[in-house]
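A.B. asks: Below you will find the structure I want to go over with you.
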Amino acid sequence: QVQLVESGGGLVQAGESLRLSCACSGIRVSANFMAWYRQAPGKQRELVARLFGEDTTNYAGSVRGRFTISRDNAKNTLYLQMNSLKPEDTAVYYCNAVARPNDYWGQGTQVTVSS
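Residue numbering for the sequence shown follows my numbering, starting at 12 and increasing by one per position.
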């Protein structure tokens with residue numbers, strides 16, 4: 012059974028940093044497409060960053076240069092380092108793993124950035 016468990020969210024002030032973690036079981040972070048999404052109130056879920064292959068990464072334009080996606084294969088954990096946070100980064104952040112034909116999601120972790 013595949014499980015993705017996010018942690019690390021919280022309330023911070025603008026300009027501060029947070030690191031989100033996604034502990035995975037039943038699936039290897041090293042062998043699949045891994046990603047972070049977020050969903051703000053009243054908005055659609057959007058892709059924040061993804062990691063695949065050797066270490067290919069893609070970022071949404073709004074976070075490029077501030078956020079970094081990475082993985083620890085030994086711990087089978089995905090990370091999202093978020094620096095210089097802005098109020099518009101406030102959202103529930105979800106970990107995603109794609110192992111075709113299946114698509115797995117965590118329960119989400121709340122990130123709130125105050126101005």
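Backbone N, C-alpha and C define an ideal beta-carbon position, used for all residues, glycine too. Fair warning: this is a prediction, and the values are worked out from it, not measured in the lab.
1. Expressed to the nearest angstrom, what Euclidean distance is found between the alpha-carbon atoms of Y70 and F44?
2. Do G37 and L29 have their C-beta atoms within less than 8 Å of each other?
3. What's the C-alpha gap between C33 and A51?
4. Spell out a yes or no on whether the region 77-85 and the region 102-113 are touching, meaning 3 or more CB-CB pairs, one atom from each, closer than 8 Å.
5. Using 7 Å as the cut-off, classify the Cβ of R75 as near or not near the heavy atoms of the ligand GTP, replying yes or no.
6. Might you give, ordered along the chain, the residues of its own chain that have their beta carbon closer than 6 Å to the beta carbon of R77, omitting 5 neighbours on each side?
7. Going by the beta-carbon positions, is the gap between L15 and Y115 smaller than 8 Å?
8. Could you have a look at D66 and say whether DSSP puts it in helix, strand or coil?
C.D. replies: From the atom records:
1. 14 Å
2. no
3. 19 Å
4. no
5. Annotation note on the ligand GTP: not contained in the displayed structure, which lists no ligands.
6. N94 and S95
7. yes
8. coil
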